[in-house]
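Participant: Could you have a look at this structure, given as structure tokens, before my questions?
Protein chains: 2
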Amino acid sequence: MPAETRSRRSDALRNRDRLLAAAAELFAERGLEVPLDEIARTAGVSIGTLYNHFPTRDDLYNAIIPARLGALDQIVARALATDDPWDGFVAYLEGVFGLQAKDRSLNDAIARRRPASAEIAEVCSRNVDQVLKLIARAKASGDLREDFQPMDLAMLGAAISQVIHESGDWRRFLDLHLTGLRANG
Amino acid sequence: MPAETRSRRSDALRNRDRLLAAAAELFAERGLEVPLDEIARTAGVSIGTLYNHFPTRDDLYNAIIPARLGALDQIVARALATDDPWDGFVAYLEGVFGLQAKDRSLNDAIARRRPASAEIAEVCSRNVDQVLKLIARAKASGDLREDFQPMDLAMLGAAISQVIHESGDWRRFLDLHLTGLRANG
DNA sequence: GACTAATTTGAGGGTGCCCTCAAGTTATGA
DNA sequence: TCATAACTTGAGGGCACCCTCAAATTAGTC
Numbered sequence: 001m002p003a004e005t006r007s008r009r010s011d012a013l014r015n016r017d018r019l020l021a022a023a024a025e026l027f028a029e030r031g032l033e034v035p036l037d038e039i040a041r042t043a044g045v046s047i048g049t050l051y052n053h054f055p056t057r058d059d060l061y062n063a064i065i066p067a068r069l070g071a072l073d074q075i076v077a078r079a080l081a082t083d084d085p086w087d088g089f090v091a092y093l094e095g096v097f098g099l100q101a102k103d104r105s106l107n108d109a110i111a112r113r114r115p116a117s118a119e120i121a122e123v124c125s126r127n128v129d130q131v132l133k134l135i136a137r138a139k140a141s142g143d144l145r146e147d148f149q150p151m152d153l154a155m156l157g158a159a160i161s162q163v164i165h166e167s168g169d170w171r172r173f174l175d176l177h178l179t180g181l182r183a184n185g
Numbered sequence: 001m002p003a004e005t006r007s008r009r010s011d012a013l014r015n016r017d018r019l020l021a022a023a024a025e026l027f028a029e030r031g032l033e034v035p036l037d038e039i040a041r042t043a044g045v046s047i048g049t050l051y052n053h054f055p056t057r058d059d060l061y062n063a064i065i066p067a068r069l070g071a072l073d074q075i076v077a078r079a080l081a082t083d084d085p086w087d088g089f090v091a092y093l094e095g096v097f098g099l100q101a102k103d104r105s106l107n108d109a110i111a112r113r114r115p116a117s118a119e120i121a122e123v124c125s126r127n128v129d130q131v132l133k134l135i136a137r138a139k140a141s142g143d144l145r146e147d148f149q150p151m152d153l154a155m156l157g158a159a160i161s162q163v164i165h166e167s168g169d170w171r172r173f174l175d176l177h178l179t180g181l182r183a184n185g
């Protein structure tokens, strides 16, 4: 198979890297809907070159988002390693939302399931099992209310994504959500 | 002043009504960003006529949104009329969010301050005093946590608007937010 | 019925973003 | 250094939405 031995040209590799760097930066700053020609311009490359390397927008997403979502693995692992089930659950929430707050593309990808590509879905679903464990653990210890559902978590993510979007204090909001608004309890 | 006595032509009045009806319907269904030419088409009128009656998008918003926001007055009044301060506070939240859930344009206008026109801001601010009263009352009775701020309400509105947007169960989410996720309390 | 001012019309120009492809450039290996 | 495949380029066509304005139509008046 000689096709395998063909090496990419060096300029092509360099341009690809520049495109990824530019896209990563712009996605993080402004979300997943930055115009492609702006990415090309930032990378110092023509729009045609961008399309050579990434024929569709999803190709660009798939080259960037899954790697970033890898951070989720660590967050959920650390949460599960926490002795106290409730603290672990809270640590997970703070970890994920902190990630979303720092990177608008992750806010889009996690909370709004924006790209919705198979590849990204895979990364997310890889964590679902772990997260379910986290939830079960917190329920078993009596800390988390019994009726809590995964959908509640999804909605919390959506809600917080909007608080972040509005530049609100998401930690404060999370705290209120965890403890409730009622005074005595 | 003879200019005052000039009457609008009947077809113009009719077309204006049709435009308002079409815009109201489309706004409620799909939010405030429906294309103007779609509104004109729905009204059975040309795009030029739309611009005759409503030179800017804001003119259209101002002709529709403030009236709808009038419902807020009733909601807050009914909430204040409720004997139990906490029940009143909750009734207000349910009233407002119910409104947002039924009408996407109100979801945009209330929670995301989308049009941000002076006229709409006026309608909203008219209620602020009443809402502050509602909050103060609920705090005084010891039902609402002392550290609750108006900003917390704004963020809750933003959060719920997103839950509604994702077709989530906003009542469930509000319930969780009011009572917290922790099991015992 | 004819006049006129009010109103409507929709083609057309502008913008921003998408995507393509024929022509030009360049890395690479012989 | 040349040949060639690999790569880059950017003008250009498409689309969706915005907004304008000269020409056509029509309601209201005499």
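Chains as they are written, first to last, in the UniProt record's numbering: chain A, 1 to 185; chain B, 1 to 185.
Positions of the beta carbon are idealized from the N, C-alpha and C atoms, including for glycine.
Since we're looking at a predicted model, the values are computed, not measured.
Roughly how many angstroms separate the alpha carbons of L13 (chain A) and E166 (chain A), rounded to a whole number?
Facilitator: C-alpha separation (whole angstroms): 38 Å.
Participant: Taking only beta-carbon atoms, is F148 (chain B) less than 8 Å away from chain A?
Facilitator: It does; some Cβ of chain A falls within 8 Å.
Participant: Is the Cβ of V163 (chain A) closer than 8 Å to any Cβ of chain B?
Facilitator: Yes, contact with chain B.
Participant: Would the segment 110 to 130 of chain A count as touching the segment 63 to 75 of chain A if we require 3 or more Cβ pairs under 8 Å?
Facilitator: With a cut-off of 8 Å, the segment 63 to 75 of chain A and the segment 110 to 130 of chain A count as touching, because enough Cβ pairs lie within range.
Participant: Residues of the UniProt DNA-binding region "H-T-H motif" (35 to 54) of chain A in Cβ contact with chain B at a cutoff of 7 Å, in chain order, please.
Facilitator: Under the 7 Å Cβ criterion, the UniProt DNA-binding region "H-T-H motif" (35 to 54) of chain A contributes no residue.
Participant: CA-CA distance, A81 (chain A) and R145 (chain B)?
Facilitator: Roughly 33 Å separates the two Cα atoms.
Participant: Just tell me which of A:L20, A:L174, A:A109 has its CA closest to the CA of I39 (chain A).
Facilitator: Looking at the Cα atoms, A:L20 is the closest of the given residues.
Participant: Are there 16 or more other CB atoms within 10 angstroms of the CB of W170 (chain B), so buried, or fewer, so exposed?
Facilitator: Answer is buried; the Cβ neighbour count reaches 16.
Participant: Straight-line CA distance for M1 (chain B) to S10 (chain B)?
Facilitator: In this prediction, M1 (chain B) scores a pLDDT of 34, lower than 50, which makes its location untrustworthy; no coordinate-derived value is stated.
Participant: Which runs of the alpha helix (DSSP H) fall wholly inside the segment 69 to 113 of chain B and span at least 4 residues, in chain order?
Facilitator: Here the runs fully enclosed are 85 to 102.
Participant: Does any residue of chain A bring its CB to less than 8 Å from the CB of E94 (chain B)?
Facilitator: Not closer than 8 Å to any Cβ of chain A, the Cβ of E94 (chain B) fails to qualify, so no.
Participant: Going along the chain, which residues of its own chain have a beta-carbon closer than 6 Å to the beta-carbon of residue 204 (chain B), five neighbours each way excluded?
Facilitator: Because chain B here runs from 1 to 185, residue 204 (chain B) falls outside it and cannot be looked at.
Participant: With DSSP as the reference, label R182 (chain A) as helix, strand or coil.
Facilitator: Three-state result, R182 (chain A): strand.
Participant: Rounded to a whole number of angstroms, what is the C-alpha to C-alpha distance between G180 (chain A) and L176 (chain B)?
Facilitator: Distance between the alpha carbons of G180 (chain A) and L176 (chain B) is about 7 Å.
Participant: Count the CB pairs spanning the segment 24 to 44 of chain A and the segment 104 to 118 of chain A that are closer than 8 Å, and state whether there are at least three.
Facilitator: Flag = yes, the segment 24 to 44 of chain A and the segment 104 to 118 of chain A touch.
Participant: Pick helix, strand or coil for L32 (chain A), following the three-state DSSP scheme.
Facilitator: If DSSP states are grouped into helix, strand and coil, L32 (chain A) belongs with coil.
Participant: Would you list the one or two residues that DSSP bridges to L144 (chain A)?
Facilitator: Answer is B:R182, bridged to L144 (chain A).
Participant: Give me the residue from B:E25, B:D59, B:H53 with the minimum Cα distance to A118 (chain B).
Facilitator: Minimum Cα distance to A118 (chain B) is reached at B:D59.
Participant: Show which residues of chain A have a CB atom less than 7 Å away from the CB atom of D87 (chain B).
Facilitator: Correct list: empty, because the minimum Cβ distance to chain A is about 12 Å.
Participant: Roughly how many angstroms separate the alpha carbons of R172 (chain B) and A24 (chain A), rounded to a whole number?
Facilitator: Going by the C-alpha atoms only, they are around 36 Å apart.
Participant: Do we get a CB-CB distance below 8 Å when we pair T82 (chain B) with the residues of chain A?
Facilitator: Not closer than 8 Å to any Cβ of chain A, the Cβ of T82 (chain B) fails to qualify, so no.
Participant: Assign Y61 (chain B) to buried or exposed, taking buried as 16 or more other Cβ atoms, counted over all protein chains shown, within 10 Å of its Cβ.
Facilitator: Y61 (chain B) should be labelled buried.
Participant: Who are the neighbours of R182 (chain B) on chain A, taking C-beta pairs under 9 Å?
Facilitator: Going along chain A in sequence order, the residues near R182 (chain B) (Cβ under 9 Å) are W86, D143, L144, R145, L178, T179, G180, G185.
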